[in-house]
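Visitor: Take a look at the following structure, please.
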Amino acid sequence: MRLSHDDYTVGWICALPLEMAAATAMLDEIHEDLPVQPNDTNAYTLGRVGNHNVVLACLPSGQHGTTSATAVAIQLLSSFCSVRFGLMVGIGGGIPSSDADIRLGDIVVSQPCGTHGGVVQYDFGKALHGGQFQRMGTLNRPPQVLLTALARLQAKHRLNGSKVSPYIRDMIAKYPQMQQEYLPVHLFDELYAVGHHGVITRAARMINGPAIHYGLIASGNQVIKDGLMRDRLRQDFGAYCVEMEAAGLMNHYPCILIRGISDYADSHKNNTWQGYAAAAAAAYAKELLEVVPVSQVAQTKKAQNVLSTWDQRFRVSFDLSKFPAIDNYVGRTDILHRLAIELSPSKSPLRKVTVLHGLGGIGKSQLAIRFARINQHSFTAIFILNAKDKVTLTKSLASISTQIPGESASCGISSEGDLEKRVQRVKQWLSIPENSEWLLIFDNVDRHWEIDGETGNGIREFFPSADHGSIIITTRLLSLGELGVSLPVDLSRLVQRLDGLPLAIVIAGAFIKRTGLGFSKYLDLYERSWWDLHRSFRSLRHYAHEGILLAWSISYDEIFKRSPLAAELLIFLAFFDNKYIWFELIKNAAYYSDAPRWLHQVVENELQFAQVIEILVEFSLIETNNGQGVYSMHPVVQDWCRHTLRQVDRDREILYQNMVLVSISSLVMSPGNFVQSRLQRRLFPHAVAILQRREHRWKINDSTELPKALHRVGNLLSNHGRLNQANNLYREALTEYEELLGTTHSSITVVHDLADLYLRMGRLEEAYHMYQRALIQRESILGPNHLTTLATVNSMGNLLCWQGKLDLAQAMYQRALTGRRKQLGPDHISTLVVINNIGNIYSHQGNNKAAEAMYEHVIIGREKTLGPDHTCTLAAVNNLGNLCLHQGLNDRAEELYERALRGREYILGNHHILTLATLNNIGNLYSRQKRFEEAERMYQKALIGRKRILGDNHASTLSTINNIGNLFCDLNRWAEAESMYRQALSGRINVLGQNHPYTLATLQNLRNLYTHLRRFERLESLYQQYSWTHDKSTRVGICRGFWSLRNVAISMKSLRSLRNARKHLRGF
């Protein structure tokens, strides 16, 4: 196979022919050679690993070291300009220690650590007086796409182990002649003590195959055969491996190092293990490439472009002297990862601002400094500014001028005018177009800005004028979130789970310290083995009681002596969520047919309930909420209550779970207004809590009360976007109904709600079958004109509309409208629902005047019946906004969208599905108005929310992805636009079908993109993939597309492209 130079995106460099042979043997496919630049003296092997086309290169025979590696990398990039990143793969000397059990044949992978990017050049610096040596310079870290793949592969290895050994066996099976050199029968691993000739005894390994280590690799221009020098590299840098080429690559070639350990870099160094070590490193490289998504590679900058931006004119050493950092910083990896995504220079050429806000003393500054330390090689310069007030920030920004390359460091600040000049000089330097990869940290933006009336606008004055670079703001002020992406800095998950309870936190800390387990592992044990964990706990000298079990057992016994009712109520309350517990919620649990007598006594009236719960408040096991009749219970107290009950009475545990389910279900209703929505939002955490804690199916008696409760709680979860959990409850309710009663009105209602749920989930085929089932059963039992039958008819119309079958959908709507008008009247809310849906049909058909009349009629009717802020009213307002946007009435659309957004955020909350839909629509509006930065912010909010609630492949999520692709086209961010379109197209084909209008719209977007960029080969490939289209009207569109391709081909005088276009046209 012969490809073009542009098809190769990965560069793989080896130092020795032995390493090159192992790399070649790992290729899944070998390609034909290609011509190279006249000044390129490298010898290449081309091929494929997984989905990646790879170019292999080897250093000239006998030439090793950093300089040779640099020359090979530069020549490779000059001939293969589309390479995004590289791999440096081969052998190295291991540096074993008590911390790292490194052995011959193991693999070491470079990974950023502390202030180093993964590789440290140990021999670069200058000699000082007294024989001291000062190392200088920093080396770049591997590109983000490889670090992400590294994390993915490490996680995969924890689950399934490594494929290194199988790949080596496959290599030998494919090339038997390699066995003697790369997998010899007799290999002995002996580590000699430094200064002695004795062999160190080490424990036998429990794993088969090589171990994989991640950390620093030391690189220099000399071969090390000295155990003392090897150990000094470990002491000075914490290095795991030493080699000779990497330091010459890291600042000239964005790559990662993979080294198989062939010796211990001491006087006993020999060649015995070199073949196996080279094969192991090559096998790991293959496995790493297999977890790198092609889509991420396409989004990664070309290596040449990356290197051109790392201009030394703008590189400034990272200085932490004025901002001491914590060396043993742990935790908050999720926020650090999010910061890396948001602020990476490769994300966007535009300015990127992230605001870290939270309580004072919670660690915002240290989090920002930690990010700067571990990502310093991703930026050309990092400056931390003291921003507590305007005067301090001005001085801090001015002080940067002495660090700017070419500026004098000796000139002091003599006047206020000189101070302002220095500030302007710094801002000008940061605004130079080529200087776009810096990071500014505005630390501790405090209340002084708020008092001065400055806040956001005041801080913005200190931003450079150019629209590039990355900025972090740490602040207590929530209002500054408007400046960029807002990230709250909260306590760790463990502290949140323990809710700050000192005894529980001390116990956790002591256990973690004693066992060496991490926070996440302790939290996992806490959730799965609570009782065993605390029963095994030894006493603490700071506490009189022996842990939580004994401490609360004493309190519980005292409560039981005073009031058995209060003691039982305490246990029962542990099955609700720990917050927002009120009298009516507990009272409704007594509706359960098997509710115990003690509960009826407690909830006989509100006064009796208050007197019983007062005892629990006295013991500080229940807290009141400022006299509002709302109570809360510490989550760790709840854990103790539930696990104590489980030890003595499992049947009562199941009974209490059933009672909680019935209690929640009795209060479920449609969240139409604020009061109803607030009640549903209070119920929702209780529903989530009871589902998370149950470990068995619900214990159903002979009545329908539990199936009914399951159904209603499923509705609650569905309204809050927990679609998968709602599906589970609906399915359980349906099974129980049918087992108890067969096919009844109740079971059919569950079938209908399941169909609605599947429609929201984008599972259209399942939704269709469920609607058909409900419709047939309702027509058979209730008749074709019954109101519940018409409800299914209307919902079937919604499905058909989603599928783009507008004529069929309109027929369904007309049937539902006729029946509801006749039975309920023209202005009933159910009638208005159908009228609104018919408006949607008219809008899709381009009949804007008729659609507007429908929407206006619905809004007037709903405002009169339900009120102006009811969710149904706001739905019609949002739909009218869509119509106005399509008509180009942007100002009116914005007014309608803002009304819908205000209402939905107030009633439903910021993360509700309908709120997210309005955010997506406002993104469309801003994009139309060329307010691109605001549009991207709206789209990203909608996308994050929709992915979290609906999933990556839901139709609504894919709609936002397609919209972001349109936005990126407007911003000339072509690679990102292509990635978004490809993602949307793939998803829409799977979810909506190949001929759905939305699928075809995304296909057209891709066609336009490729035509504009003159990517003719990709354009032709797109049409070849499109051969599955069968609809006649679609074929006409395809023919027009091909004829536009014909015109392009003629203009480019590309007869081959023209012939291909004609060949494909014969099929239409």
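Residue 602 in the UniProt record's numbering sits at position 602 of the sequence shown; the count goes up by one each step and never skips. The beta carbon of each residue, even a glycine, is placed where N, CA and C say it ideally should be. Model, not experiment: these values are computed from the prediction.
Figure out for me which residue from Glu978, Gln299, His996, Ser986 has the closest Cα to the Cα of His1012.
Guide: Answer by Cα proximity: Glu978.
Visitor: Please report the residue range of the alpha helix (DSSP H) in which Arg315 lies.
Guide: Here Arg315 belongs to no alpha helix (DSSP H), and DSSP marks it neither H nor E.
Visitor: Please state the DSSP three-state secondary structure of Glu461.
Guide: Note: Glu461 maps to coil in three-state DSSP.
Visitor: DSSP puts Gln222 in a beta bridge; with which residues?
Guide: Answer by DSSP bridge pairing: none, since Gln222 is not bridged.
Visitor: Under the assumption that Pro349 contacts Ser436 (Cβ atoms under 8 angstroms), give the Cβ distance between them as a whole number of angstroms.
Guide: Confirmed, about 7 angstroms.
Visitor: Mind checking who Ile473 pairs with in its DSSP beta bridge?
Guide: BP columns for Ile473 point to Val355, Phe442.
Visitor: Would the segment 703–723 count as touching the segment 611–627 if we require 3 or more Cβ pairs under 8 angstroms?
Guide: Taking 8 angstroms as the limit for Cβ pairs, the verdict is that the segment 611–627 does not touch the segment 703–723.
Visitor: Which residue from Ala900, Gly93, Glu936, Phe463 puts its Cα closest to that of Val109?
Guide: The shortest C-alpha separation from Val109 is found at Gly93.
Visitor: Assign Asn53 to one of three DSSP states: helix, strand, or coil.
Guide: Reduced to three states, the DSSP call for Asn53 is strand.
Visitor: For Leu104, collect the residues of the same chain with a Cβ closer than 6 angstroms to its Cβ; drop the 5 residues on either side in sequence, then sort them by chain order.
Guide: Counting only Cβ-Cβ distances below 6 angstroms, and skipping sequence neighbours, we find Asp189, Ile261, Trp273.
Visitor: When you compare only the Cα positions, how much space is there between Gln638 and Asp651?
Guide: In a straight line, the C-alpha of Gln638 is about 18 angstroms away from that of Asp651.
Visitor: Indicate the three-state DSSP secondary structure (helix, strand or coil) for Ser665 in the structure shown.
Guide: It is helical.
Visitor: How many angstroms separate the CA atom of Ala303 from the CA atom of Tyr730?
Guide: Roughly 52 angstroms separates the two Cα atoms.
Visitor: Give the range of the alpha helix (DSSP H) segment to which Leu487 is assigned.
Guide: Where Leu487 is concerned, there is no enclosing alpha helix (DSSP H), although the beta strand (DSSP E) it sits in stretches over 485–488.
Visitor: Find out if the Cβ-Cβ distance for the pair Tyr906, Asn920 is shorter than 8 angstroms.
Guide: No, the Cβ-Cβ distance between Tyr906 and Asn920 is not below 8 angstroms.
Visitor: Closest to residue 1095 by C-alpha separation, out of Glu32, Phe575, Ser479, would be which residue?
Guide: Within the shown structure, residues of the chain are numbered from 1 to 1068, placing residue 1095 beyond reach of any answer.
Visitor: Beta-carbon within less than 6 angstroms of Gly11's beta-carbon, same chain only, minus the 5 sequence neighbours each way: which residues are those?
Guide: Counting only Cβ-Cβ distances below 6 angstroms, and skipping sequence neighbours, we find Val55, Leu76, Val83, Gly86.
Visitor: With the cut-off set at 8 angstroms, would you say Arg820 and Leu799 are in Cβ contact?
Guide: Their beta carbons are not under 8 angstroms apart, which means Arg820 does not touch Leu799 by this criterion.
Visitor: Can you tell which of Gly804, Asp334, Cys801, Thr818 has its C-alpha closest to the C-alpha of His786?
Guide: When only C-alpha atoms are compared, the closest one is Thr818.
Visitor: Assuming Ala22 contacts Ala278 under a Cβ cut-off of 8 angstroms, what Cβ separation, rounded to an integer in Å, is found between them?
Guide: About 4 angstroms separates the two Cβ atoms, so the contact holds.
Visitor: What did DSSP end up calling Ser4 once you bin it into helix, strand or coil?
Guide: Coil at Ser4, not helix or strand.
Visitor: Just how far apart, CA to CA, sit Phe80 and Asp334?
Guide: Near 36 angstroms, if we compare the C-alpha coordinates of Asp334 and Phe80.
Visitor: Under 8 angstroms by Cβ, that's how I've got Ser4 and Gln121 pegged, so tell me the actual separation to the nearest angstrom.
Guide: That pair is no contact at about 36 angstroms.
Visitor: On the three-pair Cβ rule with 8 angstroms, is the segment 941–948 touching the segment 913–931?
Guide: Because the criterion of three Cβ pairs below 8 angstroms is met, the segment 941–948 and the segment 913–931 touch.
Visitor: Figure out for me which residue from Thr788, Gly903, Gly484 has the closest Cα to the Cα of Ala935.
Guide: Comparing Cα positions, the closest option is Gly484.
Visitor: May I ask which residues mark the beginning and end of the alpha helix (DSSP H) holding Thr24?
Guide: Segment 17–25, the alpha helix (DSSP H) holding Thr24.
Visitor: Going by beta-carbon coordinates alone, are Arg773 and Val751 separated by less than 8 angstroms?
Guide: Yes.
Visitor: Starting from Leu87, follow its DSSP beta bridges and name the residues at the other end.
Guide: For Leu87, which the question treats as bridged, DSSP gives the partners Trp12, Ile256.
Visitor: Shortest alpha-carbon distance to Lys849 belongs to which of Leu883, Gln823, Asp827?
Guide: If we check each option's Cα against that of Lys849, Leu883 comes out closest.
Visitor: Counting C-beta neighbours from all protein chains within 10 Å, is the total for Val636 16 or more, i.e. buried, or is it exposed?
Guide: Val636 should be labelled buried.
Visitor: Can you grab the Cα-Cα spacing for the pair Leu241 / Gly117, in whole Å?
Guide: Here the sequence assigns Cys to residue 241, which means Leu is not the residue at that position. Spanning the two alpha carbons is a distance of roughly 15 angstroms.
Visitor: Quick one: grab the DSSP three-state call for Ser78.
Guide: Ser78: helix per DSSP, three-state reduction.
Visitor: Is it buried or exposed for Pro433, if we count other Cβ within 10 angstroms and need 16 for buried?
Guide: It counts as exposed.
Visitor: I'd like to know whether the C-beta atoms of Val834 and Asn794 end up nearer to each other than 8 angstroms.
Guide: In contact: Val834 and Asn794 (Cβ atoms closer than 8 angstroms).
Visitor: Could you give the C-beta distance for Ile91 and Arg259, rounded to a whole number, given that I count them as a contact under 8 angstroms?
Guide: Right, the Cβ-Cβ distance comes to about 6 angstroms (below 8 angstroms), so this counts as a contact.
Visitor: Is it the case that the Cβ atoms of residue 1108 and Arg425 are separated by a distance below 8 angstroms?
Guide: Lying before the first or after the last residue shown, residue 1108 is absent from the chain, which here runs from 1 to 1068.
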